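*Asks:*
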């Protein structure tokens, strides 16, 4: 009897072999050190034409602005609602992002979760015509399952909002809320009728979860060093190097978006982090395993494309 | 065939009945909401005559001071090393605590873990003559196992240092590092020979994990609301109220240290949080289940006492 292929959507070749070699070698890694971390946007699911989280917040903004026209007086909201990309650029990503986060200030965690769930149940990806939950990468789901079959703990380390990712992490990836490491809003406690309630504040904890912050936050949130890390941008570089430098067998994996037919061929591979170098060049120099979406994957999405 | 008693160290009575009733009722709680949180010091293990973590840091200080006599020039260290309790009080808990945390600045997580492990393997509790790992409360280990048999996720929410508790949480309680919520040091990344290293910085994230901070940190770290919480002091009150106010079956449990024979009868039950009221009085008013260590537990420690 032959064993079932754990990676049916991975084409035969050097990349697939490298993954299978790591899975074999993992048998010698102590159980407590079998830790795998995955970036989310562009690594486990599609991040184009816009981040899924941004689509959610823009839908929230449209809803809120319909109820509260005075929001149009806020420069960040006005720029977004009118599609004024020059104004958006002038205000800067950080101000724009914090203004969007602030839309949900005062919500309890369960209320925020419910809003994300509601949006998710209806929203459709503009290019693929499917729910955003169907824009996950089938080969990566197979890899997660294969790692779990080797008793890896699987965690998400996203630049996106922790609470946003938590709202979908169990359904899409089987990752519990405590396994999500992201950019985290703060909460404050209010006591109403003698009962404590938690409400979202309009600040975030520390830095956005990119670059060095990913490495520090992995330790702070998970307390263990990964021996496997996957990402797709310069913002993941430090995390990939950190995993690769672990003692014993380790692997760092870069997803290269080079499939303009089935997904997107990224024009700039430099990502949001400043760099003059394509991330694939950095990958080669750093010893990361580069996954060509075009060449290494026989299909990209669960629905067959 | 009768089922095995899940709580053999709990004496028959109203407290035990309340615990068993909650375990029965838990069957109707959705799986994802079966979350139980436990304070550690004084709730799962002994916290007298001094916090275990403090004993560790004082041993570290003695070691370091032997190697680096100049540490005696630091007021906080001089006061501690000379046992000058007046000076310690004047400097204040926060300065003393931060000075002790600072002893480990620059260590990598694995190095700090190794130091805690080494200390743990040799240190002996001054009153009970056993390893600190044997000062856990046997009835609480049974409760944790009973909750897990009902598919609860079990987490630690400690005022102590997250990394200190993580060093012992798997062995003592079967809690993985990511399940420990405590007072967290920050890390910074240094790159040596092209490889990222994480080193402890001398600051902590936000507030010490007591009171309202416990509730906010539960959400930030775990992303779920507990329906069961156990504690033993005013610093746990907000967390207990938060769990008890959850929808559906919920329980808040207060451990009352009233056993001067087998453990300690606390003179002040007000804990470290300011309060003029014994925490047991607050418990009655709040609807928490009060566990009398003297009356409700047939034994306290695993070794039989």
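Protein chains in written order, with our numbering: chain A, -3 to 301; chain B, -3 to 301.
Backbone N, C-alpha and C define an ideal beta-carbon position, used for all residues, glycine too.
None of the values given here were measured: they were computed from a predicted structure.
Could you give the first and the last residue of the continuous beta strand (DSSP E) run that contains residue 191(B)?
*Replies:* For the purposes of this step, residue 191(B) is taken as residue 195 along the second chain, with counting starting at 1. Segment 191 to 200, the beta strand (DSSP E) holding residue 191(B).
*Asks:* With 8 Å set as the bound, which would you pick, yes or no: does the beta-carbon of residue 183(A) sit closer than that to a beta-carbon of chain B?
*Replies:* Position 187 of the first chain holds residue 183(A). True, the Cβ-Cβ gap to chain B drops below 8 Å.
*Asks:* In this structure, what does DSSP give as the bridge partners for residue 186(B)?
*Replies:* Numbered from 1 along the second chain, position 190 holds the residue referred to as residue 186(B). Beta-bridge pairing links residue 186(B) to 193(B).
*Asks:* Quick check on residue 215(B) - is its C-beta less than 8 Å from some C-beta in chain A?
*Replies:* As a first step, residue 215(B) is located in the second chain; it is residue number 219 there, counting from the start. It does; some Cβ of chain A falls within 8 Å.
*Asks:* Roughly how many angstroms separate the alpha carbons of residue 175(B) and residue 121(B), rounded to a whole number?
*Replies:* The residue labelled residue 175(B) in the question sits at position 179 within the second chain. The residue labelled residue 121(B) in the question sits at position 125 within the second chain. Using only the alpha carbons, I get a separation of about 26 Å.
*Asks:* Among 214(B), 190(B), 192(B), 75(B), whose alpha-carbon lies nearest the alpha-carbon of residue 183(A)?
*Replies:* By one-based count along the first chain, residue 183(A) stands at place 187. It is 214(B).
*Asks:* Of all the CB atoms in chain B, is at least one closer than 8 Å to the CB of residue 175(A)?
*Replies:* Residue numbering aside, residue 175(A) sits at position 179 when the first chain is read from its first letter. Yes, because at least one Cβ of chain B sits closer than 8 Å to the Cβ of residue 175(A).
*Asks:* Determine whether the beta carbon atoms of residue 180(B) and residue 200(B) lie at a separation below 8 Å.
*Replies:* Mapped onto the second chain, residue 180(B) falls at position 184. Mapped onto the second chain, residue 200(B) falls at position 204. Yes, the Cβ-Cβ distance between residue 180(B) and residue 200(B) is below 8 Å.
*Asks:* Identify whether residue 112(A) lies in helix, strand or coil by the three-state DSSP scheme.
*Replies:* Counting from one through the first chain, the residue named residue 112(A) turns up at place 116. Of the three classes helix, strand and coil, the one that applies to residue 112(A) here is helix, per DSSP.
*Asks:* Is the separation between the beta-carbon of residue 157(A) and that of residue 125(A) shorter than 8 Å?
*Replies:* As a working note, residue 157(A) is residue 161 in the first chain. As a working note, residue 125(A) is residue 129 in the first chain. No; because the gap between Cβ atoms is not below 8 Å, this pair is not in contact.
*Asks:* Would residue 68(A) pass as a contact of residue 61(A) if the rule is Cβ separation under 8 Å?
*Replies:* As a first step, residue 68(A) must be located in the first chain, where it is residue number 72. As a first step, residue 61(A) must be located in the first chain, where it is residue number 65. Yes, they are a contact pair.
*Asks:* Using a 10 Å radius around the Cβ and a threshold of 16 neighbouring Cβ atoms, would you call residue 173(B) buried or exposed?
*Replies:* For the purposes of this step, residue 173(B) is identified with residue 177 of the second chain, where counting begins at 1. Buried, since its Cβ has 16 or more Cβ neighbours within 10 Å.
*Asks:* What are the complete alpha helix (DSSP H) segments, minimum 4 residues, inside the segment 103 to 159 of chain A?
*Replies:* Listed in chain order, the complete alpha helix (DSSP H) runs (minimum 4 residues) inside the segment 103 to 159 of chain A are 105 to 118, 134 to 145.
*Asks:* What's the C-alpha gap between residue 117(A) and residue 111(A)?
*Replies:* Here residue 117(A) refers to the residue found at position 121 when the first chain is read from its first residue. Here residue 111(A) refers to the residue found at position 115 when the first chain is read from its first residue. Whole-angstrom Cα-Cα distance: 10 Å.
*Asks:* DSSP state of residue 310(B), grouped into three classes?
*Replies:* Only positions -3 to 301 of chain B appear in the structure, and residue 310(B) is not among them; the question remains open.
*Asks:* Taking CB distances under 8 Å as the criterion, tell me whether residue 143(B) reaches chain A.
*Replies:* The residue you call residue 143(B) lines up with position 147 of the second chain. No, no contact with chain A.
*Asks:* From the beta carbon of residue 208(B), is the nearest beta carbon of chain A less than 8 Å away?
*Replies:* The sequence position of residue 208(B) within the second chain is 212, counting from 1. Chain A, which has a Cβ nearer than 8 Å to the Cβ of residue 208(B), makes this yes.
*Asks:* From what residue to what residue does the beta strand (DSSP E) around residue 297(A) run?
*Replies:* If you number the first chain from 1, residue 297(A) lands on position 301. Unbroken run through residue 297(A): none, as it is neither H nor E.
*Asks:* Specify the secondary structure class of residue 178(B) as computed by DSSP and reduced to three states.
*Replies:* Taking the second chain and counting its residues from 1, one reaches residue 178(B) at position 182. Of the three classes helix, strand and coil, the one that applies to residue 178(B) here is strand, per DSSP.
*Asks:* May I ask you to report which of helix, strand or coil DSSP gives residue 48(B)?
*Replies:* Indexing the second chain from 1 puts residue 48(B) at position 52. Residue 48(B) falls in the helix class under three-state DSSP.
*Asks:* Mark residue 277(B) as exposed unless 16 or more other C-beta atoms lie within 10 angstroms of its C-beta, in which case mark it buried.
*Replies:* Position 281 of the second chain, counting from 1, holds the residue named residue 277(B). Classification for residue 277(B): exposed.
*Asks:* Exposed or buried, what is residue 35(A) when buried is set at 16 or more other beta-carbons lying within 10 Å of its beta-carbon?
*Replies:* Mapped onto the first chain, residue 35(A) falls at position 39. Residue 35(A) is buried by the Cβ-count criterion.
*Asks:* Out of 203(B), 206(B), 235(B), 187(B), state which residue places its alpha-carbon closest to the alpha-carbon of residue 234(A).
*Replies:* For the purposes of this step, residue 234(A) is taken as the residue at position 238 of the first chain. Answer by Cα proximity: 187(B).
*Asks:* Below 6 Å CB to CB, which residues in the same chain sit around residue 302(B) once its five sequence neighbours on both sides are set aside?
*Replies:* There is simply no residue 302(B) to check, as chain B begins at -3 and stops at 301 in what is shown.
*Asks:* Where does residue 246(A) sit, in a helix, a strand or coil, going by DSSP?
*Replies:* On the first chain, residue 246(A) is found 250 positions in, with the first residue counted as 1. If DSSP states are grouped into helix, strand and coil, residue 246(A) belongs with coil.
*Asks:* Using a beta-carbon distance cut-off of less than 9 Å, what residues from the segment 218 to 239 of chain A approach chain B?
*Replies:* Cβ contacts with chain B: 218, 219, 220, 221, 234, 235, 237, 238.
*Asks:* If we ignore side chains and look at the alpha-carbon of each, how far apart do residue 159(B) and residue 219(A) end up?
*Replies:* For the purposes of this step, residue 159(B) is taken as residue 163 along the second chain, with counting starting at 1. For the purposes of this step, residue 219(A) is taken as residue 223 along the first chain, with counting starting at 1. Computed Cα separation, rounded: 7 Å.
*Asks:* Does residue 203(A) pass the burial test, meaning 16 or more other C-beta atoms within 10 Å, or should it be called exposed?
*Replies:* As a working mapping, residue 203(A) is identified with position 207 in the first chain. It is exposed - the Cβ of residue 203(A) has fewer than 16 other Cβ atoms within 10 Å.
*Asks:* Does residue 12(A) have its Cβ less than 8 Å from a Cβ in chain B?
*Replies:* Along the first chain, read from residue 1 onward, the residue named residue 12(A) stands at position 16. No, residue 12(A) does not count as interfacial toward chain B.
*Asks:* Does the segment 244 to 258 of chain A touch the segment 9 to 29 of chain A, meaning 3 or more C-beta pairs lie closer than 8 Å?
*Replies:* These segments touch.
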